[in-house]
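**Student:**
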Amino acid sequence: MKLAVLISGRGSNLQSLIDACRQPDFPAEIAVVVSNRPQAAGLERARRAGIKAEIVDHTAFATRDAFDDALSACVAKAGADLVCLAGFMRLLGDKFVDRWRDRVINIHPSLLPAFRGLDVHQRVIDAGVRVSGCTVHFVRSSVDDGPIVIQAAVPVLPGDTANVLAARVLAVEHRIYPAAVRMIASGQARIDGGKVVISGRVEAASPLINPLTDEG
Ligand code: GRF
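Residues 891 to 1106 (the numbering used here) are what the sequence shown spells out, left to right.
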């Protein structure tokens, strides 16, 4: 399966996909990396890995539609089967989402549907929840919405700042994004009736209890 990875910034999730694709048994390869920001550090990661890196600068387009069309053309030209949003900070219009329906996935640093949108980790801390996490999901036209492929839980610890929590969650993002791509590319995960169905044996890690008490 050929991937297009869309980025806007540092590209650490892109890096996790680059690293996964280097494994001989990984069922996907990155055909193109596209950034809407010319300065995105992730572009350098792509170039270093010998992957085609393109810029589709949103500021060069008068309308969202025109930007979406250019983005679509760039992804299609590379022959991509699956679009992976990895810290891509532009909302995609209905036209793009419809054209690539069930072929766009995103990673979000919370346990969706909780804490959609921006500034997630500060809002998680302010809400006082004990468990946060991350989600890979198929993209629909509303923000951070769509069939969920995989989620991981991460504890929120006393004294956490948004940055500390973000780093703890990010380390787990780097595990679940390649895992989600593997499941989709191998055909193990597919959309059915608006949800992701996973075939074969499914194993989950033991529950995360936070704080862990004597009874737990
Ligand atoms: C990640 O936390 C991801 O979940 C969110 O944006 C951040 C991107 O980080 N959508 P990076 O550019 O992949 O390092």
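All residues carry an ideal CB built from backbone N, CA and C; glycine is no exception.
Quick check: what's the CA-CA separation for ALA1056 versus LYS985?
**Tutor:** Cα to Cα, ALA1056 sits roughly 32 Å from LYS985.
**Student:** Given 8 Å as the limit, tell me if GLU934 has its C-beta closer than that to any heavy atom belonging to the ligand GRF.
**Tutor:** Checking the Cβ of GLU934 against the ligand GRF gives no.
**Student:** Mind checking whether the beta-carbon of CYS911 lies closer than 8 Å to any heavy atom of the ligand GRF?
**Tutor:** No, since every heavy atom of the ligand GRF falls outside the 8 Å radius drawn around the Cβ of CYS911.
**Student:** Got a sec, what are the start and stop residues for the alpha helix (DSSP H) PHE1005 sits in?
**Tutor:** Where PHE1005 is concerned, there is no enclosing alpha helix (DSSP H), given that its DSSP letter is neither H nor E.
**Student:** Decide yes or no for the touch test of the region 999 to 1009 against the region 1018 to 1030: beta carbon pairs closer than 8 Å, at least 3 of them.
**Tutor:** Segments in contact, yes.
**Student:** How far does the alpha helix (DSSP H) with LYS967 in it extend, from its first residue to its last?
**Tutor:** LYS967 -> alpha helix (DSSP H) spans 954 to 967.
**Student:** Can you tell me whether SER898 sits near the ligand GRF, meaning its C-beta is under 8 Å from at least one heavy atom of the ligand?
**Tutor:** The answer is yes for SER898.
**Student:** Give the straight-line distance between the Cα atoms of ASN1107 and ALA966, rounded to the nearest whole angstrom.
**Tutor:** No answer is possible for residue 1107: the residues shown for the chain start at 891 and end at 1106.
**Student:** My output table needs one value for THR1113: the three-state DSSP class, helix, strand or coil.
**Tutor:** What is shown of the chain runs 891 to 1106, which leaves residue 1113 out entirely.
**Student:** For PHE916, which of helix, strand or coil comes out of DSSP?
**Tutor:** Coil at PHE916, not helix or strand.
**Student:** Can you tell me the Cβ-Cβ gap for LEU907 and PRO1037, rounded? I've got them flagged as a contact below 8 Å.
**Tutor:** Going by Cβ atoms, the distance from LEU907 to PRO1037 rounds to 20 Å, so no, they are not a contact pair.
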